[in-house]
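*Asks:* Quick one: the structure is below, and I'll ask about it shortly.
Protein chains: 2
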Amino acid sequence: MGEFDLIKRYFTPGHYSEDVLLGVGDDAAVMAVPQESRLVAAVDTIVEGVHFPIGTSAANVAYRALAVNLSDMAAMGALPRWFTLSLCVPSAENEWLSEFGSALSDLATEYAVQLVGGDTVKGPLNISIQIMGVVDQAHWLTRSGAQQGDLIFVSGVLGEAAGGLQLILNPNIEAELSFARHLLHRFYRPIPRVELGRQLNNRLATAAMDISDGLLTDLRKLCAASQCGAEIDLELLPASPPLINVFGEAMAEQFALQGGDDYELLFTVPEERLPSLEQVIKMTGVPCTRIGRITRSGAVQCFRKNTPITIADAGFDHFAESN
Amino acid sequence: MGEFDLIKRYFTPGHYSEDVLLGVGDDAAVMAVPQESRLVAAVDTIVEGVHFPIGTSAANVAYRALAVNLSDMAAMGALPRWFTLSLCVPSAENEWLSEFGSALSDLATEYAVQLVGGDTVKGPLNISIQIMGVVDQAHWLTRSGAQQGDLIFVSGVLGEAAGGLQLILNPNIEAELSFARHLLHRFYRPIPRVELGRQLNNRLATAAMDISDGLLTDLRKLCAASQCGAEIDLELLPASPPLINVFGEAMAEQFALQGGDDYELLFTVPEERLPSLEQVIKMTGVPCTRIGRITRSGAVQCFRKNTPITIADAGFDHFAESN
Chain C
362 MGEFDLIKRY FTPGHYSEDV LLGVGDDAAV MAVPQESRLV AAVDTIVEGV HFPIGTSAAN
422 VAYRALAVNL SDMAAMGALP RWFTLSLCVP SAENEWLSEF GSALSDLATE YAVQLVGGDT
482 VKGPLNISIQ IMGVVDQAHW LTRSGAQQGD LIFVSGVLGE AAGGLQLILN PNIEAELSFA
542 RHLLHRFYRP IPRVELGRQL NNRLATAAMD ISDGLLTDLR KLCAASQCGA EIDLELLPAS
602 PPLINVFGEA MAEQFALQGG DDYELLFTVP EERLPSLEQV IKMTGVPCTR IGRITRSGAV
662 QCFRKNTPIT IADAGFDHFA ESN
Chain A
362 MGEFDLIKRY FTPGHYSEDV LLGVGDDAAV MAVPQESRLV AAVDTIVEGV HFPIGTSAAN
422 VAYRALAVNL SDMAAMGALP RWFTLSLCVP SAENEWLSEF GSALSDLATE YAVQLVGGDT
482 VKGPLNISIQ IMGVVDQAHW LTRSGAQQGD LIFVSGVLGE AAGGLQLILN PNIEAELSFA
542 RHLLHRFYRP IPRVELGRQL NNRLATAAMD ISDGLLTDLR KLCAASQCGA EIDLELLPAS
602 PPLINVFGEA MAEQFALQGG DDYELLFTVP EERLPSLEQV IKMTGVPCTR IGRITRSGAV
662 QCFRKNTPIT IADAGFDHFA ESN
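Below, the structure written as structure tokens:
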């Protein structure tokens, strides 16, 4: 089966919305960006054995590959619209490709994004997706707008994905089945916070990013981009009962601070906009927790009961690690 | 060295043009698509040992990765503007990355395209580039517009890249140094025919695509998309003296028909527009040769001196081949 047929058979959407003028099957796709909008684009690649364990199901790989890209759109406050897929697989197995294509299609449908181009090549498993979205021409979320005094928030709960990964890598860890399932699901199926991001972009958040490498690592990036510092109150971190149950409080906190892969949003909001944020939390149904405050200095400092706590950085960084 | 630093150090352009509102370094980039334009996007991935031989220099890998994507824009008649890079490399070697980044930057500058996003991951060498361009809102080139009677043209000379690849794979083939150099250069440095494509899009070509898998394979795709057939006159194929000198006439013809990697444009033009095409050839300096004619039937038939010739298809197709 040829490359052309592969894309056509497993990945071509049944129909396109009006903004796709030419879809999969030509040398390139043609899309219409609304006049009052700007184009937003990002790329994220996941590799077997680096971003997901060897043996991960095709459906989970597909979900993750697209979800992390949708999360980048969320972090910009953008509406995801289109994506291209570069799929490098060791062999063209019908079952695997069919499961992959089906899961990809399900998530794409859920978020109303459309596959407009693809490339399948033979080689070690590697999935690269570039996502394109649109955002209002006047404003989008960046990492660089945080101001001294802004409150720091995170969506959802942190560390559960890292806990899930630990369970996958160490099958000997004892865990209640329902907790284990929850944590695994959080690793394999991070929820892109697209609607929250779009609401935060409505003159609410001063800075935002998604947490892929761990809270501390990513908060440092946000602070560097915004030329500011931050104080985190460890007591405010949203607790995960399943995570604490399986790993204990200390490790749950470590996962929350340094585990990546949660793809929750990290954002800053000026205190006077808290009422608007509360409305957004209600409307989107996404819990958001205040965990600290932006400071003037360039450092990120953690506190517990007003006592400074030093935490060694072990954030996930591909070339800094041995895996 | 971290992923973030890698992109920043080796791949961040010095400055952006006005249409890039937010470049590399945030969760996504933000670009302005001109109001009268449409967005054109494509992805092409190249893998070591599949698309280029193991041992290919970093500069040649970088050139090729971007050039094949620029060629997709050429095939649409689009103006390439931005691209994202997903770079999967076994290790972060300064020398390799520096050479790669420098060659990428040179070609990007030559074609005025800008890197707006990147992802570096650790793994087997795999370079995925998604390119984005703009095209007039009213018309773009596709594979599907060829009409019975249209003349079939190719730009440049075909088969030289395949000859170059043979020289790389079989170092025992005897060849004059100047010829060998020419053929190798044609394999490593295909010229994206962007300006020609843009001119062909000016109500000149009825269909177009770039030749990546070989003339016959790609012409069949064009015919399938246009629901037509084609006749090729083998005597009209543009001859390559270096290719004939090294491989002989028969093999040179085989390379021209079935060798991929040339990235020349294949396009169709109604006879009455020939004067306009001649002007475009003059203006762009890109030689274009008439090689046949679009027919009603669904087949691609080759002729030599009016005698039908049957040629077995050996077009390059990743999953159909053992490499």
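Protein sequence lines correspond, in order, to chains C and A.
If you read the first sequence in this note's numbering, its first letter stands for residue 362, the second for the next number, and so on.
If you read the second sequence in this note's numbering, its first letter stands for residue 362, the second for the next number, and so on.
Just so it is clear, CB atoms sit at the ideal spot from N, CA and C, and this is done for glycine as well.
Since the model is a prediction, treat every value here as computed from it, not as a measurement.
Kindly indicate if chain C contains any beta-carbon less than 8 Å away from that of A:Met612.
*Replies:* No, because no Cβ of chain C sits closer than 8 Å to the Cβ of A:Met612.
*Asks:* Mark C:Pro648 as exposed unless 16 or more other C-beta atoms lie within 10 angstroms of its C-beta, in which case mark it buried.
*Replies:* Exposed: under 16 other Cβ atoms inside 10 Å.
*Asks:* Just confirm the distance between the C-beta atoms of A:Val477 and A:Ala402, as a whole number of angstroms; I'd bet it's less than 8 Å.
*Replies:* The Cβ separation is near 12 Å, so there is no contact.
*Asks:* When you compare the CB of A:Arg399 with every CB in chain C, is at least one pair closer than 8 Å?
*Replies:* Closer than 8 Å: yes.
*Asks:* Is DSSP giving A:Asn531 helix, strand or coil here?
*Replies:* Note: A:Asn531 maps to coil in three-state DSSP.
*Asks:* Tell whether a beta-carbon distance below 8 Å holds between A:Thr481 and A:Leu367.
*Replies:* Yes, Cβ-Cβ distance for A:Thr481 and A:Leu367 is below 8 Å.
*Asks:* By the criterion of Cβ-Cβ separation under 8 Å, what are the contact partners of A:Ala439 in chain C?
*Replies:* Ala389, listed in chain order.
*Asks:* Can you name the residues of chain C whose CB is closer than 7 Å to the CB of A:Ser516?
*Replies:* Residues of chain C passing the Cβ test: none, with the nearest at roughly 14 Å.
*Asks:* Given C:Ser683, which residues of its chain have a CB within under 6 Å of its CB, disregarding the five upstream and five downstream residues?
*Replies:* With a pLDDT of only 34 at C:Ser683, under 50, the local geometry of the prediction cannot be trusted, and the value read off the model is given with reservation. Counting only Cβ-Cβ distances below 6 Å, and skipping sequence neighbours, we find nothing.
*Asks:* Please decide whether A:Ala673 counts as near chain C, where near means a Cβ-Cβ distance under 8 Å.
*Replies:* Not closer than 8 Å to any Cβ of chain C, the Cβ of A:Ala673 fails to qualify, so no.
*Asks:* Taking A:Gly659 and A:Leu561 to be in contact with their CB atoms under 8 Å, please state how far apart those CB atoms are, rounded to whole angstroms.
*Replies:* Not confirmed; about 24 Å, so no contact.
*Asks:* Flag this pair as touching only if the stretch 506-516 of chain A and the stretch 524-542 of chain A have three or more C-beta atom pairs under 8 Å; answer yes or no.
*Replies:* At 8 Å Cβ cutoff, the stretches do not touch.
*Asks:* Is C:Leu367 helix, strand or coil when you go by DSSP?
*Replies:* Of the three classes helix, strand and coil, the one that applies to C:Leu367 here is helix, per DSSP.
*Asks:* Where in the stretch 482-514 of chain C do unbroken runs of the beta strand (DSSP E), each at least 3 residues long, occur, reported from the N-terminal end onward?
*Replies:* If we require 3 residues or more, the beta strand (DSSP E) runs fully inside the stretch 482-514 of chain C come out as 487-497.
*Asks:* Please list, in chain order, the chain A residues whose beta carbon lies closer than 8 Å to that of C:Asp571.
*Replies:* Ordered by position in chain A, the residues that pass the 8 Å Cβ test against C:Asp571 are Asp388.
*Asks:* Grouping DSSP H, G and I as helix and E and B as strand, with all else coil, what is A:Glu460?
*Replies:* If DSSP states are grouped into helix, strand and coil, A:Glu460 belongs with the helices.
*Asks:* Quick test of your reading: A:Leu486 and A:Val450, contact by CB under 8 Å. State the CB separation rounded to the nearest angstrom.
*Replies:* Yes, they are in contact, since the Cβ atoms of A:Leu486 and A:Val450 sit about 6 Å apart, within 8 Å.
*Asks:* Which residue's Cα is closest to the Cα of A:Phe514: A:Ala591, A:Thr373, A:Gly609?
*Replies:* Taking only the C-alpha atoms, the option nearest A:Phe514 is A:Ala591.
*Asks:* Helix, strand or coil: how does DSSP classify A:Pro636 here?
*Replies:* Reduced to three states, the DSSP call for A:Pro636 is helix.
*Asks:* Identify which residue in C:Ser463, C:Ala469, C:Ala423, C:Leu465 has its Cα closest to the Cα of C:Pro441.
*Replies:* Nearest C-alpha to C:Pro441: C:Ala469.
*Asks:* Say whether the stretch 581-597 of chain C touches the stretch 660-669 of chain C, bearing in mind that this needs 3 or more beta-carbon pairs closer than 8 Å, one atom from each stretch.
*Replies:* Yes, the stretch 581-597 of chain C is in contact with the stretch 660-669 of chain C.
*Asks:* Cα separation between C:Ile407 and C:Ala464?
*Replies:* Answer to the nearest angstrom: the Cα atoms are 16 Å apart.
*Asks:* For the alpha helix (DSSP H) holding A:Asp713, just list the boundary residues, first then last.
*Replies:* Because chain A here runs from 362 to 684, residue 713 of chain A falls outside it and cannot be looked at.
*Asks:* Tell me the residue span of the beta strand (DSSP E) that contains C:Ser398.
*Replies:* Segment 398-408, the beta strand (DSSP E) holding C:Ser398.
*Asks:* Please list, in chain order, the residues of the stretch 468-482 of chain C that have any C-beta partner in chain A closer than 9 Å.
*Replies:* Result list: Val477, Gly478, Gly479, Asp480, Thr481, Val482.
*Asks:* Ignoring anything shorter than 4 residues or poking outside the stretch 530-592 of chain C, list the alpha helix (DSSP H) runs there in chain order.
*Replies:* Counting whole runs of 4 or more residues, the stretch 530-592 of chain C contains the alpha helix (DSSP H) stretches 538-549, 555-561, 576-587.
*Asks:* Could you tell me which chain A residues have their CB closer than 7 Å to the CB of C:Val394, listed as they occur along the chain?
*Replies:* Neighbours of C:Val394 on chain A, chain order: Val394, Leu400.
*Asks:* List, from N- to C-terminal side, the alpha helix (DSSP H) runs of 4 residues or more that fit wholly inside the stretch 626-673 of chain A.
*Replies:* DSSP runs (the alpha helix (DSSP H)) wholly in the stretch 626-673 of chain A: 635-645.
*Asks:* Closer than 9 Å, Cβ to any Cβ of chain A: which residues of the stretch 496-513 of chain C, in chain order?
*Replies:* Residues passing the 9 Å Cβ filter: Val496, Gln498, Trp501, Leu502, Thr503, Arg504, Ser505.
*Asks:* Taking the continuous beta strand (DSSP E) assigned at C:Pro374, which residues delimit it?
*Replies:* Careful: C:Pro374 lies outside any beta strand (DSSP E) and carries neither H nor E.
*Asks:* Spell out the partners DSSP gives A:Met392 in its beta bridges.
*Replies:* For A:Met392, which the question treats as bridged, DSSP gives the partners C:Leu400, A:Val381.
*Asks:* So with Cβ pairs under 8 Å, would you call A:Gln491 a contact of chain C?
*Replies:* It does: the Cβ of A:Gln491 has a partner Cβ on chain C nearer than 8 Å.
*Asks:* Helix or strand or just coil, what does DSSP make of C:Val518?
*Replies:* Residue state, collapsed to three classes: coil.
*Asks:* Taking A:Leu423 as the reference, which of A:Arg550, A:Gly484, A:Asp387 has the closest Cα?
*Replies:* Rather than Leu, the amino acid found at residue 423 of chain A in this sequence is Ala. Considering only alpha carbons, the answer is A:Arg550.
*Asks:* At the 8 Å Cβ level, is C:Thr445 part of the contact set with chain A, yes or no?
*Replies:* So yes, C:Thr445 belongs to the interface.
*Asks:* Taking any Cβ of chain C, which residues in the stretch 423-436 of chain A have a Cβ under 7 Å from it, in chain order?
*Replies:* Within the stretch 423-436 of chain A, the qualifying residues are Asp433, Met434, Ala436.
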